[in-house]
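All remarks here apply to the structure that follows.
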Amino acid sequence: MSEMPVESIRQVRDHLADVVDRADREDEPTVITRRGKEVAAVVPIDMLRRFQEYEEQAIIRMVRERMANPEPGIPLEEVMAETLARPE
């Protein structure tokens, strides 16, 4: 995948329709910055859904791994904290 476009909130505000069109037509996210810090992104909806599916599969895989372990259980809160702390 090529480098994602990065635009300030002001730039996006001035041409939001173009940013959305780029996500729709070119399947390309745009990173949005505020005062030079990356804060959000406009992403194609299919990309978001694929990510959500990947995340759900990762959680299911972890739960299955934990359930297959004969040792005493781990509280769900710890499992979720570990899951959410993992890098992409």
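Using my numbering, read the sequence shown as starting at 3 and increasing by one per residue. Backbone N, C-alpha and C fix where the C-beta goes; we use that ideal spot for every residue, glycine too. If you're wondering where the values come from, they're calculated on a predicted model, not measured in any experiment.
Residue i, enclosing beta strand (DSSP E) - first and last residue
i: Val41; result: Lys39 to Val44
Residue environment, residue i, which counts as buried when at least 16 other CB atoms sit within 10 Å
i: Val8; result: exposed
Closest residue to residue i among the options (Cα-Cα distance)
i: Arg68; options: Glu84, Tyr56 and Gln54; result: Glu84
i: Ala60; options: Val81, Glu30 and Asp29; result: Val81
i: Glu30; options: Ile62, Gly75, Glu57 and Ile47; result: Ile47
i: Val1; options: Gln54, Met6, Glu58 and Met64; result: Nothing can be reported for residue 1, as the shown portion of the chain is limited to 3 through 90.
Residue i in three-state terms, based on DSSP
i: Ile76; result: coil
i: Arg88; result: coil
Span of the alpha helix (DSSP H) around residue i
i: Glu9; result: Here Glu9 belongs to no alpha helix (DSSP H); instead the beta strand (DSSP E) covers Val8 to Ser10.
i: Asp48; result: Ile47 to Ala70
Cβ-heavy atom distance, residue i to the ligand FAD, below 7 Å
i: Glu79; result: Ligands in the displayed structure: none, and consequently the ligand FAD is not present.
Query raised in the report: Are there three or more Cβ pairs, one per stretch, closer than 8 Å when the segment 33-41 is compared with the segment 9-16?
Result: yes
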